[in-house]
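Working notes for the structure below.
Right, dumping it as C-alpha cells:
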C-alpha cells in the first residue's frame with residue numbers, strides 16, 4: 001500500500017483532481033476534508049505520511065492547522081497548496097516548517113515531484129529525530145553509570161574498572177540494564193546521605 005496522504009482544501013474540484021492524480025500514482029488518500037479543523041482530526045486518526053493543506057480554508061486556516069499538526073507530530077510532513085504566492089504566506093510557511101509549497105492550479109507535473117521530495121524529507125527528519133533521541137539516551141546512560149561508578153569508588157574503595165565490573169555483574173545477576181543498576185546505586189547513596 002502506498003504512502004498515506006490527507007488532503008484538505010475547501011474546493012471540492014481541487015480535492016477530486018489531486019486525489020485522482022495521487023491514487024493513480026499509487027498513493028493512499030486516506031482523507032479528503034474541507035477545513036483546517038477536519039484536517040487536524042484526519043491526521044490524528046490516520047497519522048499520514050503527508051498532509052496536503054490549502055492555506056485559505058474556513059474555520060481554521062492551513063497555517064494554523066499546520067502548526068497544530070507539527071506540534072502534535074500528527075503527520076510526517078506537510079505541503080501547502082494555495083492560490084497565493086505572496087511573500088507573507090511563504091514566510092509563514094517557512095516559520096511552520098513546511099516541506100513544500102504548491103501554487104494552484106495544480107497539475108501532475110508540478111504535484112508529483114513536490115510530494116515525492118516532501119515525503120522523502122519528512123522521513124529523513126524522522127530518522128534524524130530518532131538518532132538524536134537515541135544519542136540522548138546513550139548519553140544519559142553513560143552519565144548515570146559514571147556517577148554510580150564514582151559512588152562505588154568512594155564508598156567501597158574500588159578502582160574505576162572494578163566499579164564498572166561490579167555494576168555490570170549486578171546487571172547480569174539481576175537481569176536488568178546497567179542503567180537501572182546505576183540508578184539504584186545513586187538512589188541508595190542519596191538515601192544513605194540523609
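Numbering (the UniProt record's numbering), first residue to last: 1 to 194.
Positions of the beta carbon are idealized from the N, C-alpha and C atoms, including for glycine.
Source: prediction; values computed, not measured.
By how many angstroms is the C-alpha of residue j removed from the C-alpha of residue i?
i	j	result
residue 6	residue 78	10 Å
residue 229	residue 46	With the chain covering 1 to 194 only, the question about residue 229 has no answer from this structure.
residue 11	residue 58	11 Å
residue 170	residue 124	39 Å
residue 87	residue 110	20 Å
residue 104	residue 94	19 Å
residue 81	residue 37	16 Å
residue 163	residue 174	16 Å
residue 141	residue 108	49 Å
residue 188	residue 155	12 Å
residue 50	residue 153	53 Å
residue 96	residue 56	15 Å
residue 27	residue 114	14 Å
residue 139	residue 62	38 Å
residue 2	residue 148	49 Å
residue 157	residue 137	29 Å
residue 186	residue 85	57 Å
residue 74	residue 54	17 Å
residue 69	residue 172	43 Å
Here's the rule I'm using: 16 or more other beta-carbon atoms within 10 Å means buried, otherwise exposed. How should residue i be labelled?
i	result
residue 194	With a pLDDT of only 47 at residue 194, under 50, the local geometry of the prediction cannot be trusted, and the value read off the model is given with reservation. Exposed, because fewer than 16 other Cβ atoms sit within 10 Å of the Cβ of residue 194.
residue 128	exposed
residue 35	buried
residue 76	buried
residue 100	buried
residue 181	buried
residue 83	exposed
residue 177	exposed
residue 120	exposed
residue 135	exposed
residue 132	exposed
residue 122	buried
Using a Cβ-based criterion (distance less than 7 Å to any ligand heavy atom), does residue i qualify as near the ligand NAP?
i	result
residue 31	In the structure shown, the ligand NAP is absent, as is every other ligand, since no ligand is present at all.
Pick out whichever of the options has its Cα sitting closest to the Cα of residue i.
i	options	result
residue 151	15, 183 and 97	183
residue 40	131, 71 and 139	71
residue 212	17, 130, 93 and 92	An answer regarding residue 212 cannot be provided, because it is not within the stretch 1 to 194 covered by the chain.
residue 117	69, 190 and 98	98
residue 33	26, 27, 14 and 22	14
residue 168	186, 145 and 158	145
residue 143	126, 172 and 179	179
residue 89	73, 69, 64 and 186	64
residue 19	91, 66 and 106	106
Name the DSSP beta bridge partners of residue i, please?
i	result
residue 23	In DSSP, residue 23 forms no bridge with anything.
residue 78	51
residue 31	6
residue 100	79
Every unbroken alpha helix (DSSP H) inside the UniProt domain "ANTAR" (125 to 186) [4 residues or more]: 160 to 174
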